[in-house]
Amino acid sequence: MRLGIISALAEEQLGLVEAMRGPATLIHGMREYFVGQLWEIDAVCVLSRIGKVAAAMTATTLVEKFGVTHILFTGVAGAGDRTVQVGDIVVAEALVQHDMDASPLFPRFEVPLTGLSHFQPDSGLSLRLSRAAHDFLERDFLEAIGETERQAFRLAQPRVHRGLVASGDQFVNDRMQLDSLNGALPGLVAVEMEGAAVAQVCYELGVPCAVLRTISDNANEDAALDFMRFVKSVAAQYAFYVTRRLCRDLAQAPLPPLQPSRDSAGT
Ligand code: SAH
């Protein structure tokens, strides 16, 4: 396997790149790709930057130019539901583009000409990812996040949620907008700006993917407060520790081989 790891923010990527063995860097399409070994896994790390187009472009390049066989997205997100708290982890079970609306030509949220509104990440990879996230919270959390940060962000007993992640080209920081998204999208657990774009690209190219999000804010009027401090001192650690657990697990017990993709089978 060759794992492409996409981060949306530089702070989240830093630790992963530092942990890479013998990385070669390659610049393509205004992005820097780091190719090397990450905890015994062949990996390519890249910063997508923010938004759906940026993420789609990065995912496509990872597959087409760097030959990755699987994609992991790590980033932060706003809580999509009141039961989800800052410091919790979300592993996507499905992803939707919440600003996609070609109605009345197509139902709201449906990506025209795909017949789909919800894109599913790979269930095997997502299961391994949520196990890594659980193990991180149970075993590494106290070591990874210092007491000052745990108190500052009131991180008492963070949890892992599986559910629907909604992506759009918008930083959601308005309680009314969040409530309306939550009403229109049952099972919503997180809002962010890239995941569903990566999931669509991976679906179309037949590449398994998984999406990990640390909840950084409540997607309300306070969302931007301390955002960067949280990313640096909390989310970056989450991404590092969970990815390390996942890579070690994948090195020990590889995923079953991929079925031939639609393209290679059909053409
Ligand atoms: N202040 C940052 C910008 C962050 S944009 C800067 O200056 O660089 C928000 C990033 O975090 C995106 O990658 C998005 O996926 C995620 N995110 C976190 N909270 C979000 C929210 N409430 N709404 C939308 N995206 C959010």
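If you're matching positions, the sequence shown starts at 397 in our numbering and goes up one per residue. A virtual CB, placed ideally from N, CA and C, is assigned to each residue, including glycine.
For arginine 546, the uninterrupted alpha helix (DSSP H) segment begins and ends at 543-548. With contacts defined as CB atoms closer than 9 angstroms, alanine 455 and aspartate 645 fail to qualify as a contacting pair. With a threshold of 16 other beta carbon atoms within 10 Å, isoleucine 423 falls short and is exposed. Counting only the Cα atoms, arginine 524 lies some 25 angstroms from serine 513. According to the DSSP assignment, alanine 488 belongs to the beta strand (DSSP E) that extends over 485-493. By the criterion of at least three beta-carbon pairs nearer than 8 angstroms, the region 619-638 is not in contact with the region 493-505.
Note that the region 624-632 touches the region 539-558; at least 3 beta-carbon pairs, one per stretch, sit closer than 8 angstroms. Taking C-alpha positions only, glycine 463 is separated from glutamate 408 by approximately 23 angstroms. If you check the CB distance, leucine 584 and glycine 564 do not come in under 9 angstroms. Of the other Cβ atoms in all chains shown, fewer than 16 fall within 10 Å of the Cβ of threonine 479; this residue is therefore exposed. Taking C-beta atoms under 8 angstroms as the contact rule, alanine 647 and glutamate 414 fail to qualify, at a distance of about 19 angstroms.
If the five residues before and after aspartate 438 are omitted, its C-beta is found closer than 6 angstroms to the C-beta atoms of Arg398, all from its own chain and listed in chain order. If you look at glutamine 433, you'll find it in the beta strand (DSSP E) that goes 427-434. Straight across, the Cα-Cα distance linking phenylalanine 532 with methionine 426 is about 33 angstroms. Boundaries of the beta strand (DSSP E) harbouring valine 607: 605-613, taken from the DSSP string.
Excluding residues up to 5 positions away in sequence, Arg558 and Gly559 lie with their Cβ nearer than 6 angstroms to the Cβ of glutamate 489 in the same chain. Straight-line measurement puts the Cα of arginine 609 at about 18 angstroms from the Cα of arginine 546.
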